[in-house]
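The sequence shown maps to residues -16 to 276 in the working numbering.
Before any comments, here is the structure.
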Amino acid sequence: MSEPVRWKPIFLFLALTFPVTFGVELALIHSGIRFGGDVLQSAHVLWLLATMWIPGLVALFVAKGVERLSWAGLVDGLLLRPGSARPYFLTIILAPLIFAAIYGLTWALGLAEPDPTLSTLTQATGNTDQISPREVFTVLLPLSALIGPIINFLFGLGEEIGWRGFLLPRLMGLGKVRAYSLLGILWGLWHAPLIWTGFNYPGHPVGGILMMCLLSTALGIFLNEMTLYYRSALLAGFIHGAVNAQGYGIWPWLFPNVHPLLGGGSGLTGVAVWLVVGWAAMKILARDSDQPV
């Protein structure tokens, strides 16, 4: 049975996480950052990646300073145990399969056509050598599945210590449906300044924020289920890293010119597939009542 909700640490977490994050991001926006083709080559990207650690650092502060957890108590209080190795290997396999389903659905609905030579990426990087479809599927995609989660884990963990390690267990007293829904909306709104400036949904500032809330809620079902079952925010950080590796990796280049609100990993097709994946995780993990191994 879940413990009653203790609102004081929750409100303090949110009262610090949102203003600090928004303050940093608005300062970057004021300095001229925009989400065009050159943003990943700019120094601003380091600041953007650093903002992913704000929820985690705030969670550590609140857990230690307000909840008075000991240093040892932080391990259980923020779900900082790595857990079993099995779900990490499962994530490496599942992430590209899930994105294949998302973009396969996008293609099937006529929302995009594949570009197997990645000509858009070739032009963006100024490369004169055309990438072959064989290289895409035998080199680039496996690398994104194997190396991408490890690199992105370093940043995804910062978010997940806050959202999944701190906030999720403390909201569970509301019941699963309310906790998952509230967390998904809050997580989506946390991205609002960047989305308003063109991140993920260029040209759709208001619709993009709404879609991010839907996507965060849908993806959050799977993340929440895995986090609670394995009692590990580190696993959530790894899954987050694997998702980002696919979502910002090869697939948008393989399927360029997708309508951001309708197709691809950030649109309605992504929401639909993640809802199915989340539902499957709930059913499978509920059946397995034994201690995870």
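Heads up, the beta-carbon is just placed ideally off N, CA and C, and yes, glycines get one too.
Check                                                                                                                                                                         : Outcome
Over what stretch of residues does the alpha helix (DSSP H) that includes Val254 continue unbroken?                                                                           : Leu251 to Arg270
Would a C-beta distance cut-off of 8 Å place Leu63 and Gly148 closer than the cut-off?                                                                                        : yes
Do you know how far the Cα of Trp54 is from the Cα of Thr252?                                                                                                                 : 42 Å
Return the chain-ordered list of same chain residues with a C-beta closer than 6 Å to the C-beta of Val7, the five sequence neighbours on each side being excluded.           : Thr34
Would you mind reading off the limits of the alpha helix (DSSP H) that contains Pro132?                                                                                       : Gly131 to Glu143
Return yes when the Cβ of Trp179 is within less than 8 Å of the Cβ of Pro185, no when it is not.                                                                              : no
Can we say the region 222 to 240 touches the region 132 to 141, given the rule of at least three CB pairs closer than 8 Å?                                                    : yes
Considering only residues of the same chain and omitting the five flanking positions on each side of Gly230, which have a CB-CB separation below 6 Å?                         : Gly248
Distance, Cα to Cα, Ala219 vs Gly131?                                                                                                                                         : 15 Å
Could you give the distance in angstroms between the alpha-carbon of Phe5 and the alpha-carbon of Ile37?                                                                      : 10 Å
Out of Ser115, Leu43, Val256 and Gly48, point me to the one whose CA is closest to Leu150's CA.                                                                               : Leu43
Would you mind reading off the limits of the alpha helix (DSSP H) that contains Ile226?                                                                                       : Reading off the sequence, residue 226 comes out as Val, not Ile. From DSSP, the alpha helix (DSSP H) with Val226 extends over Ala216 to Gly230.
Please report the distance separating the alpha-carbon of Leu268 from that of Pro239.                                                                                         : 36 Å
Under the three-state reduction of DSSP, which class applies to Ala277: helix, strand or coil?                                                                                : The structure shown does not extend to residue 277, since the chain spans only -16 to 276, so no value can be given for it.
With a cut-off of 8 Å, do at least 3 Cβ pairs link the region 78 to 93 to the region 157 to 172?                                                                              : no
Determine the extent of the alpha helix (DSSP H) in which Leu237 is found, giving its start and end residues.                                                                 : Ile233 to Leu237
So which of Ile16, Leu29, Gly15 and Ile(-7) has the shortest CA-CA distance to Ala46?                                                                                         : Ile(-7)
Assign Glu(-14) to one of two classes, buried (16 or more other C-beta atoms within 10 Å of its C-beta) or exposed (fewer than that).                                         : exposed
Measuring only from the beta carbon, is His223 closer than 7 Å to any heavy atom that is part of the ligand COA?                                                              : By its list of ligands, the structure shown contains no ligand whatsoever, and the ligand COA lies outside what it can speak to.
Go ahead and pull the three-state DSSP assignment for Gly248.                                                                                                                 : coil
If you draw a straight line from the C-alpha of Asn227 to the C-alpha of Glu96, how long is it?                                                                               : 22 Å
How many Å lie between Thr100 and Ala91 at the Cα?                                                                                                                            : 20 Å
Roughly how many angstroms separate the alpha carbons of Gly48 and Thr200, rounded to a whole number?                                                                         : 29 Å
Specify whether the region 168 to 175 and the region 194 to 209 touch according to this definition: at least 3 beta carbon pairs, one from each stretch, less than 8 Å apart. : yes
Would Pro70 and Met194 be called neighbours here (beta carbons separated by less than 8 Å)?                                                                                   : no
In chain order, what residues of the same chain lie with their CB nearer than 8 Å to the CB of Thr134, ignoring the 5 residues before and after it?                           : Contrary to the premise, residue 134 reads as Ile rather than Thr in this sequence. Hits under 8 Å: Gly224 and Ala228.
What residues in its chain sit with their C-beta under 8 Å from that of Arg153, if we drop five residues either side in the sequence?                                         : Val(-12), Arg(-11), Pro(-8) and Ile(-7)
What's the C-alpha gap between Val276 and Phe72?                                                                                                                              : Its pLDDT being 40, under 50, Val276 is placed unreliably by the model, and the measurement read from it follows with that caveat. Spanning the two alpha carbons is a distance of roughly 13 Å.
If you check the beta carbons only, do Gly232 and His242 fall under 8 Å apart?                                                                                                : no
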